[in-house]
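Residues -13 to 306 in my numbering are what the sequence shown lists, from first letter to last. For every residue, glycine included, the Cβ atom is placed at its ideal position computed from N, Cα and C. Nothing here was measured: the structure is a model prediction, and the numbers come from that model.
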Amino acid sequence: MTPIIIIGSGIAGLACARRLVEVGLRPIIFDKGHNIGGRVATKHAHGLQFDHGAQYVNARGEAFATVLGGLVNAGFAASWSDKTRRLGIVGTPGMSALAKGLSAGLDIRQGSQVTKITFDNNSWILKINEKDYQTTRLVITIPAPQVPALIGIDHPLVTKIGTVNFAPCLTLMIAVQGKAPFIIYNNPENPLSLVVQNSSKSGRSSGGLSTWVAHAGVAMSKNYLAKKGSEIVDLMLPLLCAELGISLGQVTQATAHRWLYGCVTTPLGKPFLRNKHSNLYLGGDWCIGSNIEAAWTSGTALANDIIYSNSEDRKGSGST
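Here is the structure:
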């Protein structure tokens, strides 16, 4: 039996596992994807790379600032600035390096599809890739809308996440010949709400081109979510070219990505949820916000609760 299983290798799942390992526990992370980090992601295409999810990170709290400082010191991250100000911290050589740094030493099993979860005899039984795993504590850190499919729509915790809302995000990635006019702009009112010169970040190799990532605003992303990738490129590319002041002929590469759960618009309002027996936990950035620090905070708080519960269990059993 595995004492603790975590479903989801995004930042919340990694933060949870990292904290548990610090006190000698040995959780296993299962994730259906092939890359860790969730929306802290880097896409490689035709010899170039694009941070197509989170673009950078800043810390508001001292604890998370310490984590980022450790990643910088270990070479997984670096400061990012334009000519006038510091913008934040970026992973090096891509944003996915932040997840790589947090995952060091953890037991992570990618390509692991959870198809069924049942509870029997005080244990959770998970069917993963047609194999059964048993655990006494189950942690789920996937987006809130995906939770009911795992634990059942009638589960008491599902009713508590009914107010959580996500918005999708359409992302365009391009490579351009010519001078780069700026580093970043951010305007939620624009059809393209965020445009970032990806090649301006530390450690990015662009072969003499400037590379760009643009996120569509919420309205545009909702309206065109069902479009094919090529259709999304056709919609977003003229808008991006206009913002950059370039012609379509200067674009050497263009690709699109759809984030179904791109950003949290209505968070839960607390760091995590648990059942009354403290053997099922739900967490993620959706609990308190829509950024990397929110995910880390949720996962860490969740882990601390498990650590405390373990301590109380030992006291109750008469252990010393």
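How many Å lie between residue 178 and residue 221 at the Cα?
Here residue 178 corresponds to residue number 192 of the sequence shown, with the count starting at 1. Here residue 221 corresponds to residue number 235 of the sequence shown, with the count starting at 1. Answer to the nearest angstrom: the Cα atoms are 11 Å apart.
DSSP state of residue 244, grouped into three classes?
Walking along the sequence shown from the start, residue 244 turns up at place 258. In this structure, residue 244 counts as strand in the three-state DSSP scheme.
Looking at the strands, I want to know which residues DSSP matches up with residue 238.
Locating residue 238 in the sequence shown gives position 252, counting from the first residue. Looking at the DSSP assignment, residue 238 forms no beta bridge with any residue, so it has no partner.
Whether residue 100 touches residue -10 by CB criterion (8 Å):
Residue numbering aside, residue 100 sits at position 114 when the sequence shown is read from its first letter. Residue numbering aside, residue -10 sits at position 4 when the sequence shown is read from its first letter. Not in contact: residue 100 and residue -10 (Cβ atoms no closer than 8 Å).
Sorry if obvious, but does the Cβ on residue 242 come closer than 7 Å to a heavy atom of the ligand ATP?
Annotation note on the ligand ATP: not contained in the displayed structure, which lists no ligands.
My understanding is that residue 43 touches residue 187, with C-beta atoms under 8 Å, so please give their C-beta distance in whole angstroms.
If you number the sequence shown from 1, residue 43 lands on position 57. If you number the sequence shown from 1, residue 187 lands on position 201. That pair is no contact at about 12 Å.
Just verifying my parser: in three-state terms, what is the DSSP assignment at residue 202?
Position 216 of the sequence shown, counting from 1, holds the residue named residue 202. Residue state, collapsed to three classes: strand.
For residue 56, which three-state DSSP category applies?
Taking the sequence shown and counting its residues from 1, the one referred to as residue 56 is at position 70. Here residue 56 sits in helix by DSSP.
Alpha carbon to alpha carbon, how far is residue 184 from residue 31? Give it in angstroms, no decimals.
In the sequence shown, residue 31 corresponds to position 45, counting from 1. In the sequence shown, residue 184 corresponds to position 198, counting from 1. Straight-line Cα distance between these residues: approximately 14 Å.
Taking a contact to mean a Cβ-Cβ separation below 8 Å, would you say residue 250 touches residue 105 in this structure?
One-based indexing of the sequence shown puts residue 250 at position 264. One-based indexing of the sequence shown puts residue 105 at position 119. Their beta carbons are not under 8 Å apart, which means residue 250 does not touch residue 105 by this criterion.
Counterpart residues of residue 123 in DSSP-defined beta bridges
As a working mapping, residue 123 is identified with position 137 in the sequence shown. DSSP output for residue 123 lists -10 as bridge partner(s).
Would you mind sorting residue 201 into buried or exposed? The rule is 16 or more other CB atoms within 10 Å of its CB.
Residue numbering aside, residue 201 sits at position 215 when the sequence shown is read from its first letter. Classification of residue 201: buried, given that the 10 Å Cβ count is 16 or more.
Who are residue 144's beta bridge partners in DSSP?
For the purposes of this step, residue 144 is identified with residue 158 of the sequence shown, where counting begins at 1. Bridge partners of residue 144: none, in fact.
Specify whether the stretch 250 to 260 and the stretch 274 to 286 touch according to this definition: at least 3 beta carbon pairs, one from each stretch, less than 8 Å apart.
yes
Since residue 218 is in the beta strand (DSSP E), which residue starts that stretch and which ends it?
As a working note, residue 218 is residue 232 in the sequence shown. Segment 215 to 230 is the alpha helix (DSSP H) holding residue 218; no beta strand (DSSP E) there.
Indicate whether the contact test is met: 3 or more Cβ pairs, each with one atom in the stretch 129 to 149 and one in the stretch 157 to 168, closer than 8 Å.
no
Might you give, ordered along the chain, the residues of its own chain that have their beta carbon closer than 7 Å to the beta carbon of residue 85, omitting 5 neighbours on each side?
In the sequence shown, counting from the first residue as 1, residue 85 sits at position 99. Around residue 85: -3, 0, 22, 23 and 26.
Please report the distance separating the alpha-carbon of residue 180 from that of residue 172.
Here residue 180 refers to the residue found at position 194 when the sequence shown is read from its first residue. Here residue 172 refers to the residue found at position 186 when the sequence shown is read from its first residue. The alpha-carbon atoms of residue 180 and residue 172 are separated by roughly 4 Å.
Going along the chain, which residues of its own chain have a beta-carbon closer than 7 Å to the beta-carbon of residue 62, five neighbours each way excluded?
Locating residue 62 in the sequence shown gives position 76, counting from the first residue. Excluding sequence neighbours, residue 62 sits near 77, 78, 83, 84, 86 and 87.
Counting pairs of Cβ atoms below 8 Å between the stretch 32 to 42 and the stretch 9 to 18, do you hit three or more?
no
Helix, strand or coil: which one does DSSP assign to residue 152?
By 1-based counting over the sequence shown, the position of residue 152 is 166. Reduced to three states, the DSSP call for residue 152 is strand.
Is residue 132 close to chain D, meaning its C-beta is less than 8 Å from at least one C-beta of that chain?
The structure shown has no chain D; it contains just one protein chain.
Compute the Euclidean distance between the alpha carbons of residue 53 and residue 59, then round it to the nearest angstrom.
On the sequence shown, position 67 is the one that residue 53 refers to. On the sequence shown, position 73 is the one that residue 59 refers to. C-alpha separation (whole angstroms): 10 Å.
Return helix, strand or coil for residue 254, following the three-state DSSP convention.
As a first step, residue 254 is located in the sequence shown; it is residue number 268 there, counting from the start. Residue state, collapsed to three classes: coil.
Reference residue 121; option with closest CA among 260, -12 and 281
Position 135 of the sequence shown holds residue 121. Taking only the C-alpha atoms, the option nearest residue 121 is -12.
Determine, using beta-carbon pairs with one atom in the stretch 259 to 270 and one in the stretch 281 to 291, whether at least three such pairs fall under 8 Å.
yes
For residue 118, which of helix, strand or coil comes out of DSSP?
Along the sequence shown, read from residue 1 onward, the residue named residue 118 stands at position 132. Strand, per DSSP.
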